[in-house]
Structure formats: C-alpha cells, structure tokens
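Chemist:
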Amino acid sequence: TRVQWPKGTPLDTLNFLLEQHGLTAADLSRLLGVNRSLGPKILRGERRLTVDHIRLLATRWNIEPGLLL
Numbered sequence: 001t002r003v004q005w006p007k008g009t010p011l012d013t014l015n016f017l018l019e020q021h022g023l024t025a026a027d028l029s030r031l032l033g034v035n036r037s038l039g040p041k042i043l044r045g046e047r048r049l050t051v052d053h054i055r056l057l058a059t060r061w062n063i064e065p066g067l068l069l
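Printed below as a string of structure tokens:
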C-alpha cells in the first residue's frame, strides 16, 4: 500500500503518523521513553525530536528517518 504523506513540516508528518495509529501525545511520550510532558511539548512545537527519537520512531513505523527531520 502506498501512503500519501502530508506535505508540510516534520511535525505535520509526526501528527499524521500518530493519527494513523490512533496514538496521543501521551502515547508519543511512552514510545520515546521520556517524561510524559515531552510528547505534548513536541506536538506543540515547543521541543524538537532528538536524533535518537527520530531513529526510534523511524524503526517503529518502518519509515525513512528523513520524514521526521
């Protein structure tokens, strides 16, 4: 199946992936293994994903890491 990626920022892509998998900001925190408040901050654009976060999410969702850069 070919996925139609949203045009926009890496944050748009992250939101798209979370939505497609039925995940929340709190779920993002759990996926990243970080403090519960970091997921919402990332989604609001107050904090950025680290390289380690991007690698982890790319592996989890089997996507190119560049989609989240």
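First residue of the sequence shown? That's 1 in this note's numbering, and the numbers climb one at a time after it. Ideal placement from N, C-alpha and C gives every residue a C-beta, glycine not left out.
Report yes if the C-beta distance between LEU56 and LEU32 is below 9 angstroms; otherwise report no.
Modeler: Contact: yes.
Chemist: Taking C-beta to C-beta, are ALA26 and GLY45 nearer than 9 angstroms?
Modeler: No, these two residues do not count as a Cβ contact at 9 angstroms.
Chemist: Applying the 10 Å Cβ sphere with the 16-neighbour rule, what's the burial state of THR9?
Modeler: With fewer than 16 Cβ atoms within 10 Å of its Cβ, THR9 is classed as exposed.
Chemist: Buried or exposed: LEU17, going by 16 or more other Cβ atoms within 10 Å of its Cβ?
Modeler: When all chains shown are included, LEU17 counts as buried.
Chemist: Could you tell me if THR13 is buried or exposed, where buried requires 16 or more neighbouring beta carbons within 10 angstroms of its beta carbon?
Modeler: It is buried - the Cβ of THR13 has at least 16 other Cβ atoms within 10 Å.
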